[in-house]
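A.B. asks: Got a structure for you, questions after.
Residue numbers (the numbering used here): 6 to 236.
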């Protein structure tokens, strides 16, 4: 059943999700792709990304083109985006390679309304950039004009209103640097998993066949109707 679901997700991604991007790189893993929300143009995503949706917490990527402004979203290779991630752009959002987003994060490069003119479609807008290997914790918010340096971590629930340097851990509202990361220690990024991607896929397929060798439709129905302590 797991293999069937994975194949159905891949087929749905290929036929219904991929065409909605300006570019979606090779071998994306899109969980529950039918719930994903993609609006606007200029949305580009790199290779080997993981986009995890859930029915009640879909990922939403949106750009706006109003009043002569055109939003852009560019997400690098090997990034992880968790359920409930929201990313809105009126100008430019650039996400580097190997970045990770916890659930329900919010990234927006615009105020979306003026302080004095509430009818303004945008208000102020400034580009956002996350360098390679940034990790953003659950529920964090990243606002306009922010740059987050390479390898840095943004703590859960943080509100980032000013730029954060590389190799630090930041948190709070507004977010401030709490700790430095030891750059002498070896840093293993998500991209390291995909250096031998073909061999990895073969190993995962072999493992799946072994783990789910007894997972037949009849077995699944029996666990639903008459489960035992072994299920």
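Quick reminder that beta carbons are idealized off the backbone N, C-alpha and C, glycines included. Please read all numbers here as calculations on a predicted model, not as lab measurements.
Pull up the distance between the alpha-carbon of residue 116 and that of residue 165, whole angstroms please.
C.D. replies: 14 angstroms
A.B. asks: With a CB to CB cut of under 7 angstroms and the five nearest residues on each side skipped, what residues in its chain are close to residue 22?
C.D. replies: 35, 38 and 41
A.B. asks: Measuring straight from C-alpha to C-alpha, what distance separates residue 114 and residue 148?
C.D. replies: 6 angstroms
A.B. asks: Using only the alpha-carbon positions, how far apart do residue 187 and residue 144 sit?
C.D. replies: 25 angstroms
A.B. asks: Is it true that the CB of residue 76 sits closer than 8 angstroms to the CB of residue 95?
C.D. replies: yes
A.B. asks: List the whole-angstrom C-beta distance separating residue 87 from residue 107, where the pair is believed to meet the contact cut-off of C-beta under 8 angstroms.
C.D. replies: 5 angstroms between Cβ atoms; contact.
A.B. asks: Could you tell me the alpha carbon to alpha carbon distance between residue 71 and residue 44, rounded to whole angstroms?
C.D. replies: 14 angstroms
A.B. asks: What residue from 193, 138 and 25 has the CA that sits closest to residue 158's CA?
C.D. replies: 138
A.B. asks: Do residue 112 and residue 84 come within 8 angstroms of each other at the CB atom, strictly closer than that value?
C.D. replies: no
A.B. asks: Which of helix, strand or coil does DSSP assign to residue 75?
C.D. replies: Look at residue 75 here: in three-state DSSP terms it is strand.
A.B. asks: What residue range does the beta strand (DSSP E) around residue 139 cover?
C.D. replies: Here residue 139 belongs to no beta strand (DSSP E), and DSSP marks it neither H nor E.
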